[in-house]
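Enquirer:
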Amino acid sequence: MAKLNPFGAGARRALVITSDEVFGMVRMYQLLTDESPDELKIFRKMDDALRWLWIADAKEELRLALSQAPPIPGLD
Numbered sequence: 078m079a080k081l082n083p084f085g086a087g088a089r090r091a092l093v094i095t096s097d098e099v100f101g102m103v104r105m106y107q108l109l110t111d112e113s114p115d116e117l118k119i120f121r122k123m124d125d126a127l128r129w130l131w132i133a134d135a136k137e138e139l140r141l142a143l144s145q146a147p148p149i150p151g152l153d
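FYI, the numbering for the sequence shown is 78 to 153, going by the working numbering.
1. Straight-line CA distance for A135 to A86?
2. Where do the ends of the beta strand (DSSP E) carrying L141 lie?
3. With H, G and I counted as helix, E and B as strand and the rest as coil, what does DSSP make of A100?
4. Taking the straight line between their C-alpha atoms, what separation do you get for Q107 and L117?
5. Can you name, in chain order, every residue of its own chain whose Cβ lies under 8 angstroms from the Cβ of A126, other than the five neighbours on each side?
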């Protein structure tokens, strides 16, 4: 699964991870992929991720959209 990439070349993806355990797992995933390090980056804080994605000014709009998204089955 780590070799599958549905995103286009050069697409930036940011993951915001607050749990130490999950952070470690995501780091392992990152090491297993052949992606360049500038395409997938892991952050501890949302603000840092948004700045890296060049969308820091869209923070409130993003929070609103995420609050209106349906729940993900199995995560409740």
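In this text, a Cβ means the ideal position worked out from N, Cα and C, and glycines have one as well.
Keep in mind it's a predicted model, so treat the numbers as computed, not measured.
Expert: So, from the data block:
1. As a first step, residue 135 is located in the sequence shown; it is residue number 58 there, counting from the start. As a first step, residue 86 is located in the sequence shown; it is residue number 9 there, counting from the start. If you take the alpha carbons of A135 and A86, they lie about 23 angstroms apart.
2. For the purposes of this step, residue 141 is taken as residue 64 along the sequence shown, with counting starting at 1. Per DSSP, L141 belongs to no beta strand (DSSP E); it is in the alpha helix (DSSP H), 136 to 145.
3. Walking along the sequence shown from the start, residue 100 turns up at place 23. The sequence as given places Phe at residue 100; Ala does not occur at that position. Correct three-state label for F100: helix.
4. Position 30 of the sequence shown, counting from 1, holds the residue named residue 107. Position 40 of the sequence shown, counting from 1, holds the residue named residue 117. Near 8 angstroms, if we compare the C-alpha coordinates of L117 and Q107.
5. Counting from one through the sequence shown, the residue named residue 126 turns up at place 49. Result list for A126: A91, L92, V93, K118, F120, in chain order.
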